[in-house]
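Residue numbers (my numbering): 349 to 604. Note that beta-carbon positions come from the ideal geometry of N, C-alpha and C, so glycine has one too. As C-alpha cells, the structure follows; a few thoughts come after it.
Following this line, the structure appears as C-alpha cells:
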C-alpha cells in the first residue's frame with residue numbers, strides 16, 4: 349500500500365502518503381488508492397474531514413514519480429488518471445486539509461493546493477520547479493495559484509522557480525496555520541474539529557460554492573447558491589438546527 353489511513357476521531361480521518369523512499373512521489377498505484385479513499389469518504393456518513401500528510405520529516409510530496417511520468421511521455425499516468433496531480437479531477441464535497449510535514453515541490457505543492465485548507469510545519473518550502481525541466485505546472489500550479497496569490501508572486505514562483513517559505517505563504521494567505529513539527533497533526537486536527545462542529549451539509553455546500561466562485565462560471569454562481577440553499581432547507585439537519593436553537597442546546601448533526 350502506498351497510502352496509510354487511520355481515523356483520528358469519529359469524523360476525521362488521517363491519510364498518509366507512504367512512499368518515503370521516493371520522497372512520497374505519487375505513482376499510478378498511489379493515485380488509484382487515493383481515488384478509492386476519496387470515493388469512500390464521499391459515501392461515508394461519519395467522515396467529514398480528511399487530513400492528508402506525508403511519511404517522514406523532510407518531504408511532504410515530491411510530485412509525480414518521474415520514473416513513471418517520463419515513460420511514453422507520461423501518457424500512461426496522464427491517461428489513466430486525468431492529470432499529474434491526485435485530487436485534481438476527483439469530484440468531492442468533503443473537506444481535505446493538507447498537513448505539510450516537509451517541503452512541497454512541483455506536483456506535491458499542486459496536490460496540497462487541491463486540498464481545502466493548509467497547515468504546515470514552520471520550516472517547509474513551497475516551489476514549482478517545472479520550468480527547469482522543460483515542463484509546465486499543469487496539475488493546478490497555474491490555475492490554483494493564480495486565484496490564490498498576487499500575480500507577481502505566482503510569476504516569480506513559476507517563471508523563476510523561486511521557493512516560497514512557509515512564513516511568507518502564511519502572510520500571503522496561502523497557508524492557514526503554521527505549527528512546530530511535533531504539533532503538526534494536532535494543529536490540523538484542531539482545525540478539522542472546528543469544521544466538524546458545523547452542519548456537514550452546509551459545510552459541503554459552502555465548500556462547493558467557494559470552488560465554483562474560484563474556478564467556475566461566475567454568471568451561474570447565484571443559481572448554484574439557490575440550488576444548494578433549497579436542498580439545505582429540506583434537510584433533517586436544518587430542522588435540527590431550528591429545534592436546537594429553541595431548546596438552547598448544541599445541534600446533533602446527522603448529515604442528512
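Can you have a look at residue 545 and say buried or exposed, based on whether 16 or more other CB atoms are within 10 angstroms of its CB?
Exposed.
Buried or exposed, going by whether 16 or more other CB atoms sit within 10 Å of the CB of residue 349?
Exposed.
Just checking my contact of residue 465 with residue 517 at CB under 8 Å: how many whole Å lie between their CB atoms?
Actually they do not touch by this definition, with Cβ atoms about 13 Å apart.
Considering Cα atoms alone, identify which of 385, 539, 530 and 578 is closest to residue 553.
That would be 578, whose Cα lies nearest to the Cα of residue 553.
Note down the Cα distance separating residue 472 from residue 524, rounded to an integer number of angstroms.
Cα to Cα, the separation comes out at about 14 Å.
Under a three-way DSSP split, which group does residue 355 fall into?
In the structure shown, residue 355 sits in a strand (DSSP, three-state: E or B).
Could you tell me the alpha carbon to alpha carbon distance between residue 461 and residue 532, rounded to whole angstroms?
Cα to Cα, the separation comes out at about 18 Å.
Just to confirm the assignment, what range does the beta strand (DSSP E) spanning residue 447 have?
Taken as a continuous stretch (DSSP letters only), the beta strand (DSSP E) holding residue 447 covers 443-448.
Among the candidates 575, 497, 540 and 504, whose CA atom is the shortest distance from the CA of residue 358?
It is 540.
Can you look up residue 554 in the DSSP assignment and give me helix, strand or coil?
Residue 554: helix per DSSP, three-state reduction.
Quick check for students: name the residue ranges of the beta strand (DSSP E) that lie wholly in the segment 349-404, counting only runs of 3 or more.
Whole beta strand (DSSP E) segments, 3+ residues: 351-355, 360-365 and 397-402.
Could you tell me if residue 354 is buried or exposed, where buried requires 16 or more neighbouring beta carbons within 10 angstroms of its beta carbon?
That one is exposed.
If you measure between the beta carbons of residue 485 and residue 458, is that distance less than 9 Å?
Contact flag set, yes.
Please tell me whether residue 520 and residue 507 are closer than 9 Å, where the distance is taken between their beta carbons.
In this structure, residue 507 does not lie closer than 9 Å to residue 520 by Cβ.
Take the Cβ of residue 564 as the centre, count every other Cβ of all protein chains shown within 10 Å, and call the residue buried at 16 or more, exposed below.
Residue 564 should be labelled exposed.
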